[in-house]
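Student: Have a look at this one.
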Amino acid sequence: LASRDFHPENTVININGVSIGGDELVVMGGPCAVESASQIDEIAALVKAAGGQVLRGGAFKPRTGPYSFQGIGVEGLIMMAEAGKKHGLLTITEVMTPEYVDICAEYADILQVGTRNMQNFDLLRKLGTCGKPVLLKRGFSATYDEFLNAAEYILAGGNPNVMLCERGIRTFETYTRNTLDLAAIPVLQELSHLPVISDPSHGTGRRELVEPMAKASVAAGASGLIIEMHTDPDNSMTGDGVQSLFPDQFAHLLKDLEKLAPIV
Ligand code: PEP
Ligand code: MN
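One rule links them: number in the UniProt record's numbering = place in the sequence shown (from 1) + 70.
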């Protein structure tokens with residue numbers, strides 16, 4: 071079902087007037103994690119003012135170590151839903167287990183599967199019946215074939231609204247957190263009809279590389295970008311402050327992107 075052979079036309083996902091996978095570039099911006107109601111409200115206002123269409127923020131965080139901040143949970147979902155509604159943005163949040171799919175689907179417009187859960191097959195199956203679009207991140211060691219098979223689980227479960235997100239893969243290079251595989255964008259578009267989104271934040275792990283790799287992703291044909299932005303990155307509750315743009319950088323980037331692709 072994910073293959074272009076089966077479905078020659080591009081899939082365009084329409085959510086409350088925002089189309090993903092069509093001619094317009096969609097930008098999802100926000101913090102790694104929802105930290106408080108005032109934090110997500112302030113960032114939502116900045117995403118909207120900059121021209122973004124989707125507010126990102128994790129309420130449930132998949133952390134490498136068990137003692138790291140794990141997210142604020144359901145409270146965070148509620149805070150983000152309120153901020154999205156108030157500022158006229160769609161929302162996207164990560165869901166990590168099948169048990170939490172229903173509650174995440176109740177509060178968010180798009181559900182995100184993180185890189186560490188790309189082959190959590192029970193989760194993928196449950197997302198097949200969740201009724202909301204899913205942004206599936208590529209596993210950091212997954213081949214294109216494995217990635218598309220993971221998408222297939224969601225599609226086969228009855229949910230046609232899946233986006234593929236390239237977020238960087240693990241290579242021998244340690245200067246960057248991951249290696250953003252730009253070739254994945256045209257390759258996935260050739261193999262599949264699903265919208266391809268790029269995440270230059272996790273794909274590089276370094277703030278100064280987000281802008282050039284965002285532009286390169288759009289030049290390579292990405293339908294959208296998911297970008298971390300924080301009002302106080304040095305004090306963010308996850309370690310992802312180092313890759314988060316300051317609000318003025320985010321706004322600048324979106325202005326520049328208009329020259330490359332129209333933003334809704
Ligand atoms: C995130 O989007 O904050 C995140 C944890 O992403 P990934 O699964 O790509 O590491
Ligand atoms: Mn993050």
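The beta-carbon is built from N, C-alpha and C at its ideal position, and this holds for glycine as well.
For the ligand MN, list every residue whose C-beta falls under 5 Å from any of its heavy atoms, going in chain order.
Tutor: Those residues are Cys-102, Asp-310, given in chain order.
Student: Is the CB-CB distance between Ala-120 and Phe-320 below 8 Å?
Tutor: Yes, Cβ-Cβ distance for Ala-120 and Phe-320 is below 8 Å.
Student: Out of Gly-311, Ser-306, Val-257, Leu-250, point me to the one whose CA is closest to Lys-285's CA.
Tutor: Nearest option by C-alpha distance: Leu-250.
Student: For Glu-164, does the three-state DSSP call read helix, strand or coil?
Tutor: Three-state result, Glu-164: strand.
Student: So is Asn-248 buried or exposed if we call it buried at 16+ other beta carbons inside 10 Å?
Tutor: The residue is buried, with at least 16 neighbouring Cβ atoms inside 10 Å.
Student: If you measure from the CB of Arg-195, is any heavy atom of the ligand PEP nearer than 7 Å?
Tutor: For the ligand PEP, not one heavy atom lies less than 7 Å from the Cβ of Arg-195.
Student: Which runs of the beta strand (DSSP E), 3 residues or longer, sit entirely within the region 175-243?
Tutor: Listed in chain order, they are 180-183, 204-207, 232-236.
Student: In whole angstroms, what is the alpha-carbon distance linking Ser-271 and Lys-329?
Tutor: One C-alpha to the other measures close to 21 Å.
Student: Give the straight-line distance between the Cα atoms of Glu-243 and Pro-265, rounded to the nearest whole angstrom.
Tutor: Their backbone Cα atoms lie some 28 Å apart in a straight line.
Student: Roughly how many whole angstroms lie between the Cα atoms of Ala-292 and Leu-95?
Tutor: Distance between the alpha carbons of Ala-292 and Leu-95: 8 Å.
Student: Pull up the distance between the alpha-carbon of Ser-106 and that of His-77, whole angstroms please.
Tutor: Taking the straight line joining both Cα atoms gives about 42 Å.
Student: Is Gly-184 near Pro-132, with beta carbons less than 8 Å apart?
Tutor: Yes, these two residues count as a Cβ contact at 8 Å.
Student: Compute the distance between the beta-carbons of Leu-193 and Pro-168, then report whether it is under 8 Å.
Tutor: Cβ atoms of Leu-193 and Pro-168: closer than 8 Å.
Student: Taking Cβ positions, are Gly-273 and Ile-90 nearer each other than 8 Å?
Tutor: In this structure, Ile-90 does not lie closer than 8 Å to Gly-273 by Cβ.
Student: Report the rounded CA-to-CA distance for His-322 versus Leu-71, giving the unit in angstroms.
Tutor: His-322 and Leu-71: Cα-Cα distance of roughly 38 Å.
Student: Could you check what DSSP says for Asn-84 in three-state terms: helix, strand or coil?
Tutor: Asn-84: strand per DSSP, three-state reduction.
Student: Within 10 angstroms of the Cβ of Phe-217, are there 16 or more other Cβ atoms? Answer buried if so, exposed if not.
Tutor: It is buried - the Cβ of Phe-217 has at least 16 other Cβ atoms within 10 Å.
Student: Determine the burial state of Asp-172: buried for a count of at least 16 other Cβ atoms within 10 Å of its Cβ, exposed for fewer.
Tutor: Exposed, by the Cβ-count rule.
Student: Is it right to say Gly-282 is buried, meaning 16 or more other beta carbons lie within 10 angstroms of its own, or is it exposed?
Tutor: The displayed chain sequence assigns Pro, not Gly, to residue 282. Pro-282 comes out exposed.
Student: Return yes when the C-beta of Asp-215 is under 7 Å from any heavy atom of the ligand PEP, and no when it is not.
Tutor: Outside the cutoff, so no.
Student: For Gln-259, which residues in the same chain have their Cβ closer than 7 Å to its Cβ, ignoring the five residues on either side in sequence?
Tutor: Cβ within range, chain order: Val-266, Gly-291.
Student: So Arg-277 is in the alpha helix (DSSP H); what residue range does that whole segment cover?
Tutor: Here the alpha helix (DSSP H) through Arg-277 covers 277-289.
Student: According to the Cβ coordinates, are Leu-147 and Lys-118 closer than 8 Å?
Tutor: Cβ distance not < 8 Å, so Leu-147 and Lys-118 don't count as in contact.
Student: Assign Ile-142 to one of three DSSP states: helix, strand, or coil.
Tutor: In the structure shown, Ile-142 sits in coil (DSSP, three-state: anything other than H, G, I, E or B).
Student: Over what stretch of residues does the beta strand (DSSP E) that includes Val-124 continue unbroken?
Tutor: 124-126 is the extent of the beta strand (DSSP E) around Val-124.
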